[in-house]
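Below is one structure, written out as structure tokens; comments come after it.
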Amino acid sequence: MEKQEPSEDYLKISLEESETLDEATSTDIQVEGLVRKLLVLDLNGTLVYRSPHKPFRGPHAQGASTTAVAVDDVYAQFDPSQPRPIRAVYPRPYLASFRNYLFHPNTKRWLDTMVWSSAQPHSVDDMVEKCFGDRKEELVAVWARDRLGLNASDYGRKVQTTKDLDKPWKELNSASSDVENPVETPEPSSSTTDDEKRNHSAKTTLLLDDSSLKAHLQPYNHLCLKEYDLVMRRHDVNLREWEVVLFASNAEADESAVDVDHPSDTEPGNPRKRKRKAKKENQKRERYEQQLKKLEEEGEHPEGIYDETLLAVVGILDAVKRETNVAAWIRSGRLVAPSHTTLAGDSVARESSIVSEGTESSGTTVESPKKKLKVSEQDEDEDKSSEKEESPSSDHPPPPTSSPPHETSPSTSRGRDRSKTEQTGVPLNEPRNWRDPAQMKKIQDQLWFNRPGALEYWALKGKQVLEDMGIEMVAGVIG
Numbered sequence: 147m148e149k150q151e152p153s154e155d156y157l158k159i160s161l162e163e164s165e166t167l168d169e170a171t172s173t174d175i176q177v178e179g180l181v182r183k184l185l186v187l188d189l190n191g192t193l194v195y196r197s198p199h200k201p202f203r204g205p206h207a208q209g210a211s212t213t214a215v216a217v218d219d220v221y222a223q224f225d226p227s228q229p230r231p232i233r234a235v236y237p238r239p240y241l242a243s244f245r246n247y248l249f250h251p252n253t254k255r256w257l258d259t260m261v262w263s264s265a266q267p268h269s270v271d272d273m274v275e276k277c278f279g280d281r282k283e284e285l286v287a288v289w290a291r292d293r294l295g296l297n298a299s300d301y302g303r304k305v306q307t308t309k310d311l312d313k314p315w316k317e318l319n320s321a322s323s324d325v326e327n328p329v330e331t332p333e334p335s336s337s338t339t340d341d342e343k344r345n346h347s348a349k350t351t352l353l354l355d356d357s358s359l360k361a362h363l364q365p366y367n368h369l370c371l372k373e374y375d376l377v378m379r380r381h382d383v384n385l386r387e388w389e390v391v392l393f394a395s396n397a398e399a400d401e402s403a404v405d406v407d408h409p410s411d412t413e414p415g416n417p418r419k420r421k422r423k424a425k426k427e428n429q430k431r432e433r434y435e436q437q438l439k440k441l442e443e444e445g446e447h448p449e450g451i452y453d454e455t456l457l458a459v460v461g462i463l464d465a466v467k468r469e470t471n472v473a474a475w476i477r478s479g480r481l482v483a484p485s486h487t488t489l490a491g492d493s494v495a496r497e498s499s500i501v502s503e504g505t506e507s508s509g510t511t512v513e514s515p516k517k518k519l520k521v522s523e524q525d526e527d528e529d530k531s532s533e534k535e536e537s538p539s540s541d542h543p544p545p546p547t548s549s550p551p552h553e554t555s556p557s558t559s560r561g562r563d564r565s566k567t568e569q570t571g572v573p574l575n576e577p578r579n580w581r582d583p584a585q586m587k588k589i590q591d592q593l594w595f596n597r598p599g600a601l602e603y604w605a606l607k608g609k610q611v612l613e614d615m616g617i618e619m620v621a622g623v624i625g
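Following the numbering used here from start to finish, the sequence shown increments by one per residue and tops out at 625.
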């Protein structure tokens, strides 16, 4: 029987303590006790925007008039026994910088990275090639739709799917080392091995996926991202157009200024040539002005920023690298209430500002130099009592917010589930009707990236990590 809820063992692990190793930095990772981590990457909507299949037109029933098929039925036009057509793929901003971070020698010493997409294997192969290029061989595994345990009917239809992390944990951990016969570039739904024994579990894993429903069996290992959709891509493309036009316009203006100050010696006595050149420059300037006006009418502004989600992921990865229990770290609310280990020039007030109003009192203890995070299993009164006993002059004051008490049973009420989602920033036991936009919006509104200042905080942290590692930040938006 298919599992429907997190196991008791999993929930117990998420209630354990996570020890924070502050000594581990982005450039120095030789720290005793550093636990190797696993990053499981989704592709479409997470790392790339993939253009949709074009809806076909066909009769709904025999003798019916030809009409457009509903978007949910777009896959019905394809033979389920045959691969679907390859679609155009566009990278999320900063994907190149993110890739360079994942495969940097320092990162690879503590992080295994794999792909698990619900797309069909041939589509996964295409997206992996476009995302990782010749570095795809550095992935420890590439999994596709055939690893989701779907029956033949669901495999060819658009259905809600689940990524059960028990599957990669079992396979990666049981894979024997084979140094004499190294595996070459992984094909979709393949795994590779290396000379280091893996021991991945809920304590070591982060699943990166834009679907809030994909990881309901291991919710505290799910870093849910905002889907990179057509609206976000259009914003990034328009912003890129602004930059190109403004750069060209400014360069033209600078060139014109130089010509005025230093007329060409080759045209000393030819006013007709100078007049033609001036007319040509005026026409070019008018063209740029028209382009700028058009962009303004479309609602974009050059002071906007590209989507910084992948920069934020770098910051989050740098934080969980130091943790001994990823599930406990997320369950303790650290996505929305990060550690008081501040960035250079940052203050505790800056970190406190990312936490939304209305959160409950702390149930997390902080020690130095090694901090331990623990989800409180006491009632709210005990939490408040312990908070009052905390010395206000402590070098490490308690975080501004943390998660509320959590039961070890998955049978909590829906209202308490929503409270958990608000406190942790990850989707927990929410209604799983993925076709209901209202329900999906309720889930999205409570996730970490929609909390005031959270995405900005982690993106700032990610930028500092990349800078420390000497990795260039390149938006890489293409038209």
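For every residue, glycine included, the Cβ atom is placed at its ideal position computed from N, Cα and C. As the structure is a computational prediction, the values presented were derived from the model and not from experiment.
- Going by C-alpha positions, Thr567 is about 27 angstroms away from Ala265.
- For Ser269, the number of other beta carbons within 10 angstroms of its own is at least 16, and it is reported as buried.
- Minimum Cα-Cα distance from Leu311 among the listed residues Leu296, Leu363, Cys277 corresponds to Leu363.
- Within 10 angstroms of the beta-carbon of Arg344 lie 16 or more other beta-carbons, which makes it buried.
- In this chain, the alpha helix (DSSP H) harbouring Ser243 covers 241–248.
- In the structure shown, the three-state DSSP call for Asn345 is coil.
- In this structure Arg477 is buried. Its beta-carbon is surrounded by 16 or more other beta-carbon atoms within 10 angstroms.
- Bounds of any beta strand (DSSP E) do not take in Ser357, whose DSSP letter is neither H nor E.
- Under the DSSP assignment, Asp258 falls outside any alpha helix (DSSP H), being part of the beta strand (DSSP E) whose first and last residues are 257–262.
- Around the beta carbon of Val611, a 10 Å sphere encloses 16 or more other beta carbons of the protein chains shown; the residue is thus reported as buried.
- In the DSSP assignment, Trp315 falls within the unbroken alpha helix (DSSP H) covering 312–320.
- Note on geometry: alpha-carbon atoms of Ala321 and His346 lie some 12 angstroms from one another.
- Taking C-beta separations shorter than 7 angstroms and ignoring five residues to either side along the sequence, Asn297 has no partners in its chain.
- Between the alpha carbons of Gly479 and Leu371 lies a gap of roughly 16 angstroms.
- For Tyr195, the beta-bridge partners assigned by DSSP are Tyr236.
- Going by C-alpha positions, Arg386 is about 8 angstroms away from Gly625.
- Straight across, the Cα-Cα distance linking Ala348 with Leu359 is about 18 angstroms.
- Between the segment 159–168 and the segment 278–290, the count of Cβ pairs shorter than 8 angstroms is below three; the stretches do not touch.
- Rounded to the nearest whole angstrom, the C-alpha separation of Gly608 and Val274 is 23 angstroms.
- In the structure shown, Leu463 falls within a helical segment according to DSSP collapsed to helix, strand and coil.
- Take the alpha-carbon of Pro314 and the one of Thr307: they are about 16 angstroms apart.
- Below 8 angstroms, too few C-beta pairs join the segment 148–163 and the segment 456–469 to call them touching: fewer than three.
- Counting only the Cα atoms, Thr570 lies some 30 angstroms from Arg380.
- Taking Leu463 as the centre and dropping the five residues before and after it, the same chain places no C-beta closer than 6 angstroms to its C-beta.
- Residue pairing by DSSP puts Val186 in a beta bridge opposite Met260, Leu353.
- When only Cα atoms are considered, Glu469 and Leu601 end up about 20 angstroms apart.
- Measuring C-alpha to C-alpha distances from Leu248 to each of Leu184, Val390, Ser197 identifies Leu184 as the nearest.
- In the DSSP assignment, Glu148 falls outside any alpha helix (DSSP H) and carries neither an H nor an E.
- As DSSP reads the structure, His368 sits in a beta bridge with Leu353.
- Judged by their CB atoms, Leu574 and Val472 are not nearer to each other than the 9 angstroms cut-off.
- Within its own chain, the residues whose Cβ lies closer than 6 angstroms to the Cβ of Tyr366, once the five positions on either side in sequence are excluded, are Ser160, Ala473, Ile476, Arg477, listed in chain order.
- Residue Cys277 holds the alpha-carbon nearest to the alpha-carbon of Asp188 among Ile232, Ala234, Lys588, Cys277.
- Under DSSP, Glu618 shares a beta bridge with no residue.
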